[in-house]
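Here numbering that gives the first Met the number 0 is used: the first residue of the sequence shown is 0, the next is one more, and so on.
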Amino acid sequence: MPIITSPSSTAALHELTSYEVVLRLETDPHRGLTDQQAVERMARFGHNSLPTAEGAGPVVRIARQFRHPLIYVLIAAAAITAALGEYVDSAVIFGVVLINAVVGFIQETKAEAALEGLRSMVRTQATVVRDGQRRTVPSEELVPGDLVLLEAGDKVPADLRLVGVTELWVDESALTGESAPTVKDDGALAGPTVVADRHNMAYSGTLITTGSGTGLVVATGAETELGEIHRLVGAAKTLDTPLTTKLAGFSRILTVGILVLAALTFGVGVLRGQDVAETFTAAIALAVGAIPEGLPAAVTITLAIGVARMARRRAVIRRLPAVETLGGTTVICTDKTGTLTQNQMTVTGVWTPEGRFAVTGLGYAPEGFVHDAHDNVAALDSHPALRWSLLGGAACNDAVMIEHEGRWQVVGDPTEGAMLVAAAKAGLGPGVVARALPRHATIPFSSERQYMATLHGDATSADSSGQVVLVKGAVERVLSLCAFHLNGEGVAAPVNRVAVLAAAAELAGQGLRVLATAMLPVAGSNDVVPADFDEELLSNRLILTGLQAMVDPPRAAAPGAVAACHAAGIAVKMITGDHVGTATAIAGQVGLLDRHEPAEGRVLTGTELAALSGAEFAAAVERASVFARVSPEQKLRLVEALQDRGHVVAMTGDGVNDAPALRQAGIGVAMGLGGTEVAKDAADMVLTDDDFATIEAAVEEGRGVFDNLTKFIAWTLPTNIGEGLVIFAAIVFGAALPILPTQILWINMTTAVALGLMLAFEPKEAGIMTRPPRAPDRPLLTRSLMARVLLVSSLLVAGSWWLFQWELAEGASLPEARTAAVNLFVLVEAFYLFSCRSLTRSAWRLGFFSNRWLIVGVTGQLVGQLAITYVPAMNTVFDTAPISGDAWLRILLIAVAASLVVAVDKRVRRGHAR
């Protein structure tokens, strides 16, 4: 039979018996392969490593950074200014272009690290049996058919079909999203099962937590499940962000407009018989004036300020444009474990035959209390069943609680950790339990047994010389061993199985995981020797002490954050590898599902998704809010389906299985505390607290960033258009140029830095999270804003032309008249800057000092204008001249008039909007 070498063909191996697998792989289940077979198969199948993608070299990657219309415009501007002899200005523009290229190159290089992170996951040492001898070999040398030995702490080196296990538990969270370690066995499974439920398989890159086992290699390298994820990550497209897409479109339109207007200017001048050289200079001046040289710097700095603000709210941005993408997000696809929940199993209640008890406090910190039905702190001496249930959960337990840097952690199974913490909240900390009930022997948990039992010395007994057996495990299994339960007086009474099962069913229906606890006192004269401690001792003798119900609780801020996203028009969808019952319960608690509405169509499993056609899949994805037990490929397909329907998708994740979807999403969000390096490298943003509420905060910051960028563009365009049109008017009327190219450069570069960039510090406007997200196809400037841009441009053209002609008529020299026009442009820009602090509200309602950087910027710009007007050296460089006080008064009056017109326009449009 042919050797299995791909996931598609290994998919059936879980349905085969160990004997059938051995035959299929042509190997020996005891002696493994021979050295000769290993060499032959290595030649046939290659090394057990993920392929290295043939990426573009550094020269090609740096060249790609210049392929953008706005960059072309800037390069042209730099060349023109250099041709005019303005080498300093030319160097500044070239510097902006180079900085943008370097930043883009670094970002692209970092993105490639995601693939390298995946490759590093499978580099380890493996213990194999070849020719009957145990050997340690590099994992790259494994081949299909190799017999691999597994022990606690090992990283699984390839995809294995298990053929022998001893209490084997595997942490598959990075691959499947399953929050707890999975118990493994070597029996055949009936029918198709998803990867997360293949308990007789161990997959490359996962981690052995406890126990040991042996497995046969069925797939290596690119043919493993991890290799399939590697392929998906490499194939996922890194999409342009809404901002880069809009800027590209805006730049193309701007480029065409500048070229057409410059050509028209040159043509009109030539037709009027004007000097060709002077007309060409005017056309160049128009082009330089129309180019918003400060835009790339403004975009970069505004995004960088957004990055700093998000970092203060525990969201670290890895790719600058991602800041703005958050503001345009229409759907957030979030993981469950660790994002909506705390990723810390917590006992929330204890049921005993004498009543129910609530356990307060969340997470692994032993902070909280056990309350009785009257909401009083339960006294353990008055509730013997509760006391023995908590003691049983803590003593029949292999987990360890540790405190590190003020943060409590559990080493071991999270379920056992939850029971340790619950006991500690009642005053039964690990030290107290160890002294009271020293352990002598253990019957470990197994998938067949479904319980764990321990034998202890009982220092709590009357003569301190007795023994006690403690048991915890699955409710049905533990109940089958019980003949009694412990009543309120601490006396064993016949167990009420119906009541126990009803209580367990009720708790499980709330999405809680339920474990039963039981005990068996052993009299001192009948001491059990540890060597004789076996399962026969327990059968139909145990005394049920209670049921402990636990859950990975939602984060405290998650419901509010989900509600805020819904109020902002952002859909939130849970995508998890966990069980559908757990996912549904958590979704109801955080507000993703209405508990009073049927879940039909709102909750889908991976199996249900696989059965849908293309059209049905797209419709189901739009309607559903919870997706459980999904594979990495399905996560990627979910993101793609939402994007095909026009959504801007933010995707959260922490495991290797999330990497393809993180890479594909408009913005990938990785978990900083519990996330894998692969997920972080594939993501655009990393949460340092793993909290969904931080995503909501980041969305708010992203919206503020886009608002500020829009404000900058709405502020800078009138100047660029006005400068271009005033040059065009001069050519049409055959008049002298009101402003020269060098003066235009001064206006554009200084105002962009001193004035425009101050808008990047503008605080977020009220109500920013109560409006719907921007439509992805909505332009940067709406018709209303474009009308305002043209209005201000017209005011600049009319005002500067009138002032220029007035000054000449009053006997001013040409340099003096041009200096007045330059100062008019700047002063109108300064007044208009305050109006642009809000595109809809009055500037006076925002508070004059709420953005103090504006005051600093305006003051600095005015100092610069005084320098260019009155400093002789600057007069020589920029061809300016000192102007009179009357000229300043006219400039001020025109600027105030323009500001009032804009205020009236804003008020009228706001009234129409109502």
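Just so it is clear, CB atoms sit at the ideal spot from N, CA and C, and this is done for glycine as well.
Residue i and residue j closer than 7 Å at C-beta
i	j	result
Y826	A886	The question names Tyr, yet the displayed sequence has Leu at residue 826. In this structure, A886 does not lie closer than 7 Å to L826 by Cβ.
D878	L739	yes
G605	S630	yes
S792	I720	yes
V330	A570	yes
W714	L892	no
E761	N850	yes
D153	I207	yes
Q341	R512	no
Q547	V315	no
V432	A394	yes
C332	M650	yes
K335	D577	yes
D196	L161	no
I730	G272	no
G665	V647	yes
Nonlocal neighbours in the same chain, by C-beta distance under 8 Å from residue i, ignoring five residues either side
i	result
R889	L802, W805 and A819
E616	Note that residue 616 is Phe in the sequence shown, not Glu. Here the set comprises L608, R636 and A640.
F483	A491, A492, P493, V494, L541, I542 and L543
L899	none
Beta-bridge partners of residue i, as assigned by DSSP
i	result
C921	Within the shown structure, residues of the chain are numbered from 0 to 913, placing residue 921 beyond reach of any answer.
F265	Answer is none; F265 lacks a bridge partner.
R133	V128
L454	A440 and V468
Residue of the options minimising C-alpha distance to residue i
i	options	result
A619	R312, S630 and R601	R601
G210	W350, A187 and D412	D412
V796	F727, F279 and E139	F727
G31	T213, T165, T205 and F93	T213
I401	N375, P383, P365 and V432	P365
R928	S793, D184 and K763	One cannot answer for residue 928 here, as it falls past the ends of the chain, which runs 0 to 913.
A829	A811, Q864 and A816	Q864
R844	A765, V169 and L823	A765
A378	G426, D533 and L641	G426
A556	A678, G337, S460 and Q547	G337
S812	A11, G489, G465 and S883	S883
M785	P717, G613 and C395	P717
A660	P772, V399 and R230	R230
H382	E488, Y18, G272 and G430	E488
V704	R476, A307, L469 and G508	A307
V147	A866, P28, Q343 and I257	P28
H373	A398, M873, N707 and F356	F356
T16	H484, S538, G190 and E699	G190
V128	D145, R438, S834 and P137	D145
S783	L838, A563 and E140	L838
A567	R406, A435, M768 and M748	M768
Cβ-based neighbour list, residue i, same chain, cut-off 6 Å, excluding 5 preceding and 5 following
i	result
L724	V796
Q742	V821 and F877
R622	G600
M120	Annotation note: pLDDT 43 at M120 (below 50); position unreliable, no value reported.
F942	With the chain running from 0 to 913 in the structure shown, residue 942 is simply not present.
L469	G391, A394, C395, T453 and M518
H13	L188, R197, N199 and M200
L758	N707, K710 and F711
Cut-off 7 Å between Cβ atoms - residues of its own chain near residue i, not counting five sequence neighbours on either side
i	result
D904	R787 and L790
E534	I442
F44	T4, V142, P143 and T219
Cutoff 7 Å: residue i Cβ touching any chain C Cβ
i	result
L708	Structure shown: chain C not included; a single protein chain is present.
Run of the beta strand (DSSP E) containing residue i, from where it starts to where it stops
i	result
Y202	Taken as a continuous stretch (DSSP letters only), Y202 belongs to no beta strand (DSSP E), as it is neither H nor E.
E25	Per DSSP, E25 belongs to no beta strand (DSSP E) and is neither H nor E.
Q547	L541 to V550
W387	W387 -> not in any beta strand (DSSP E); alpha helix (DSSP H) instead, spanning P383 to A394.
I867	First-last for I867: R851 to Y869, but that is the alpha helix (DSSP H), not the beta strand (DSSP E).
Terminal residues of the alpha helix (DSSP H) in which residue i lies
i	result
E621	G613 to R622
Q742	P740 to A753
G703	F691 to F732
C835	No alpha helix (DSSP H) holds C835; DSSP gives it neither H nor E.
Any non-hydrogen atom of the ligand SAH within 6 Å of residue i CB
i	result
G590	The ligand content of the structure shown is nil, which means the ligand SAH is not present either.
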